[in-house]
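Undergrad:
Numbering (the working numbering), first residue to last: 8 to 128.
1. Between which two residues does the alpha helix (DSSP H) harbouring residue 9 extend?
2. Which residues in the same chain as residue 19 place their Cβ atom closer than 7 Å to its Cβ, once the five residues preceding and following it in sequence are excluded?
3. Pull up the distance between the alpha-carbon of residue 16 and that of residue 24, whole angstroms please.
4. Using the C-alpha atoms, what's the distance from residue 74 back to residue 80?
In structure tokens, the structure reads:
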């Protein structure tokens, strides 16, 4: 091989090496970009997981509050029913007392209790 052919061969090898280096650098840049995208996506997924966990906690807390409110409403309804029964019992006792006292009262008291105005005269 003469020196000129040798020089051409060296030049071709250098050009090929440069192309390979450029291709390698391009691949490296593409991989770095892809890696950055994947890291960004991973962080977004972590944020989503964190937010989901918060929402699940809030949902659980909300369900507990709803259950507590439902229990309070149930207790208030029971209390209301109990008070209604107590009022009915007191009304019945009051009627019994008034019936027992009616024979002892004269006509003017009976009229006054029943709300009928007395006849003047």
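Glycine residues also receive a C-beta, built at the ideal position from the N, C-alpha and C atoms. From a predicted model like this one, the values you see are computed outputs, not experimental measurements.
TA: Reading off the structure:
1. Your numbering for residue 9 matches position 2 in the chain shown. Segment: none, residue 9 is in no alpha helix (DSSP H) and carries neither H nor E.
2. On the chain shown, residue 19 is found 12 positions in, with the first residue counted as 1. No residues qualify anywhere along the chain.
3. On the chain shown, position 9 is the one that residue 16 refers to. On the chain shown, position 17 is the one that residue 24 refers to. Taking the straight line from one Cα to the other gives about 12 Å.
4. On the chain shown, position 73 is the one that residue 80 refers to. On the chain shown, position 67 is the one that residue 74 refers to. In a straight line, the C-alpha of residue 80 is about 10 Å away from that of residue 74.
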